[in-house]
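> Starting off with a structure, shown below.
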Amino acid sequence: MEERCLLRVVDDYQWFIRHFHSLTGIDLSLYKEEQMKRRLTTLRSKRNIQTFQEFYHAMLKSKPLYEECLDRVTINVTEFYRNRPRWDVLEQFIKEQFRDKQEIKVWSAACSTGEEPFSLATLLSRYFPLEGIQITATDIDLKVLEKAKEGNYIERTLNNLTDQEKSMFFNKNGLIYTVKDKYRPLITFQQHNLLSDPAPDSFDLIVCRNVLIYFKEDAKEIIYQKFGQALKSNGLLFVGSTEQIFHPEKFNLKPVKTFFYQKN
């Protein structure tokens, strides 16, 4: 009896994965099941919904529930210059390896609400003319992309910036900090699924941090392969603090610093 109940629970979640994929294009089977299932079960329990099939049908009838589910699936937690010492290393790379360039092309992958690409814009503006900076910022979640385009942030997300940097890069209006207009044209925001969509290409730098920890190993390999192909020769990949790439040579990459990989 206990085995049959367990089977039904497993089948219930697998049914949800298949139908959610058809509905959204997001393949949850490529995410770590324990983590993703826990996130969705918490939401389901909050709404007092007993099964994943019931949860799916409830989403079809409720746009707010559907959007809340997407928020749980697409992990949107970030801040400006997250883990600042790593950004200091990136800045050193920029000064040393890109010092002779007048333009730079960057991909901020899984950019969430925009803190990362705007961090890149402000950092690169110190070393390149604004017209030479081109940042493509992508995310699977249209809602967070719309928020990113607004460029409005609360002070908590700016904790890693000095007061001088805050005044240099933002206009303050009450409790809200708004990215200054001159940095906005440097970034193009667009929807993109890291797993299923073709990758843009010819980048000097790709930044994708604290996202791939949620994916299974075979999914990570797909994404790292895309990153390797999207980088120019000697281009740089900057990953998160728990996202060490094992056997980077498989993707035509080599480690150059902790959390930094360069294309051969």
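Going by numbering that gives the first Met the number 0, 64 is the number at position 65 of the sequence shown; the sequence numbering is gapless. Glycine included, C-beta positions come from ideal geometry on N, C-alpha and C.
#1: Quick check on DSSP: helix, strand or coil for residue 210?
#2: Determine the extent of the beta strand (DSSP E) in which residue 234 is found, giving its start and end residues.
#3: Counting C-beta neighbours from all protein chains within 10 Å, is the total for residue 10 16 or more, i.e. buried, or is it exposed?
#4: Who are the Cβ neighbours of residue 90 in its own chain at under 7 Å, not counting the five residues just before and after it?
#5: Have a look at residue 265 and residue 223 and give me their C-alpha separation to the nearest angstrom.
#6: Starting from the C-beta of residue 18, find all residues in its chain whose C-beta is less than 7 Å away, skip the five residues before and the five after it, and write them out in chain order.
#7: Just the Cα atoms here: how many angstroms apart are residue 227 and residue 65?
#8: Can you tell me whether residue 197 is buried or exposed? The criterion is at least 16 other CB atoms within 10 Å of its CB, across all chains shown.
#9: What is the DSSP secondary structure of residue 249, reduced to helix, strand or coil?
#10: Tell me where the beta strand (DSSP E) around residue 108 begins and ends.
#11: By Cβ distance, which residues of its chain are closer than 7 Å to residue 62, with the 5 residues on each side in sequence left out?
#12: Would you mind reading off the limits of the alpha helix (DSSP H) that contains residue 52?
#13: Using CA atoms only, rank isn't needed, just tell me which of 128, 84 and 28 is closest to residue 98.
#14: Put residue 194 into one of helix, strand or coil per three-state DSSP.
#15: Could you round the C-beta distance between residue 229 and residue 199 to whole angstroms and report it? I think they count as a contact, below 8 Å.
#16: Between which residues of its own chain and residue 151 is the CB-CB distance below 6 Å, once the five residues before and five after are set aside?
#17: What number of angstroms, rounded off, separates the C-alpha of residue 255 from the C-alpha of residue 153?
#18: Hey, quick one: how far does the alpha helix (DSSP H) through residue 243 stretch, first residue to last?
#19: Relative to the alpha-carbon of residue 72, which residue among 124, 113 and 15 has its alpha-carbon at the smallest distance?
The short version:
#1: In the structure shown, residue 210 sits in coil (DSSP, three-state: anything other than H, G, I, E or B).
#2: 230-238 is the extent of the beta strand (DSSP E) around residue 234.
#3: The C-beta of residue 10 has fewer than 16 other C-beta atoms within 10 Å across all chains shown, which makes the residue exposed.
#4: Contacts found: 122.
#5: A query on residue 265 cannot be resolved here, the shown segment of the chain reaching from 0 to 263 and no further.
#6: Cβ neighbours of residue 18 beyond the five flanking positions: 55.
#7: Rounded to whole angstroms, the gap between the alpha carbons of residue 227 and residue 65 is 34 Å.
#8: Per the 10 Å Cβ criterion, exposed.
#9: Correct three-state label for residue 249: helix.
#10: Per DSSP, residue 108 belongs to the beta strand (DSSP E) from 103-108.
#11: Excluding five sequence positions before and after residue 62, none of the CB atoms of its chain fall closer than 7 Å to its own CB.
#12: That run of the alpha helix (DSSP H) goes 51-60.
#13: Closest in C-alpha terms to residue 98, from the list 128, 84 and 28, comes 128.
#14: Three-state result, residue 194: coil.
#15: With a contact defined as Cβ atoms closer than 8 Å, residue 229 and residue 199 qualify at about 6 Å.
#16: Setting aside the 5 residues that flank it on each side, residue 151 is surrounded in the same chain by 175 and 177, each with a C-beta closer than 6 Å to its C-beta; the list follows chain order.
#17: One C-alpha to the other measures close to 35 Å.
#18: Here residue 243 belongs to no alpha helix (DSSP H), and DSSP marks it neither H nor E.
#19: Closest in C-alpha terms to residue 72, from the list 124, 113 and 15, comes 15.
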